[in-house]
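Here the structure comes first, spelled out in C-alpha cells, and everything after it is commentary.
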Amino acid sequence: MEFQKDNTFFTGRLKSIVFAFNGAIKLITTEHSIMVQFSICVLLQIAGFYYQISKTEWMFQTLAFAMVLGVESLNTAVEKIADFIHPEFHNRIGFIKDISAGAVFFVAMAAIAIVGMIYIPRLS
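Heads up, the sequence shown is in my numbering, so the first residue is 64 and it goes up one at a time.
Dropping the structure here:
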C-alpha cells in the first residue's frame, strides 16, 4: 500500500493531529527520560492546584513543562535518527547526540529555576 498525502484542509489537519497525539503517546510509553519528566510535570501540576499558584505562575510552569518535553522529544528524535544512520559508536555521532542532550539540559535548568521560584517560597 502506497502512502498518499491528504491534501484536503480539514481531514489533512485532523490526520496530522492524530499522528502527533500518537507520537506523544509513543514517547510517554516507551522513552524513559520522557516518562520521568512527564511524571514530574504531572506531580507539579497537582502541586500547583494544592498551593493555588497564580495565573502567571501557571503560565510559566506550563511553558517550562512544554519546553522540557518538547526539546526532550526532539533530542529523542535526533538520537533515533543518529542510531539508525550509524548504529555502531562513532565520535561524530556521539558529538551530535551530546549537543542534542545539551539543549535538553539548558531547558531543564530553566524549568528547575522556574519551579524553584514558584514553590520554594511556599515551602518556607
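From the three backbone atoms N, C-alpha and C, an ideal C-beta is built for every residue, glycine too.
These numbers were taken from a predicted model, which means no experiment stands behind them.
Going along the chain, which unbroken runs of the beta strand (DSSP E) with 3 or more residues stay wholly within the segment 86-170? none
Is the separation between the beta-carbon of Ala171 and that of Val131 shorter than 7 Å? Locating residue 171 in the sequence shown gives position 108, where the first residue counts as 1. Locating residue 131 in the sequence shown gives position 68, where the first residue counts as 1. Taking 7 Å as the Cβ cut-off, Ala171 and Val131 qualify as a contacting pair.
Inter-residue spacing [alpha-carbon to alpha-carbon] between Val81 and Ala176: Working through the sequence shown from its first residue, we reach residue 81 at position 18. Working through the sequence shown from its first residue, we reach residue 176 at position 113. Approximately 33 Å, taken between the alpha carbons.
Does the Cβ of Asn85 have 16 or more other Cβ atoms within 10 Å, making it buried, or fewer, making it exposed? Start at 1 with the first residue of the sequence shown, and residue 85 comes out as number 22. Exposed is the call here.
Given this structure, state the Cα-to-Cα distance separating Glu135 from Leu90, to the nearest angstrom. Within the sequence shown, residue 135 is the residue found at index 72, counting from 1. Within the sequence shown, residue 90 is the residue found at index 27, counting from 1. Roughly 10 Å separates the two Cα atoms.
Quick check: the Cα distance between Ile183 and Ala127, rounded to an integer number of angstroms? Position 120 of the sequence shown, counted from the start, is the residue given in the question as residue 183. Position 64 of the sequence shown, counted from the start, is the residue given in the question as residue 127. Ile183 and Ala127: Cα-Cα distance of roughly 16 Å.
Option nearest Gly196 by Cα separation, candidates Phe169, Phe168, Glu142: Absent from the structure is residue 196, since the part of the chain shown begins at 64 and ends at 187.
State the DSSP-derived secondary structure class of Ser79, mapped to helix, strand or coil. Working through the sequence shown from its first residue, we reach residue 79 at position 16. Correct three-state label for Ser79: helix.
With H, G and I counted as helix, E and B as strand and the rest as coil, what does DSSP make of Thr74? Position 11 of the sequence shown holds residue 74. If DSSP states are grouped into helix, strand and coil, Thr74 belongs with the helices.
Please tell me whether Asn138 and Ala174 are closer than 7 Å, where the distance is taken between their beta carbons. Position 75 of the sequence shown, counted from the first residue, corresponds to residue 138. Position 111 of the sequence shown, counted from the first residue, corresponds to residue 174. Result no, Cβ atoms of Asn138 and Ala174 do not sit closer than 7 Å.
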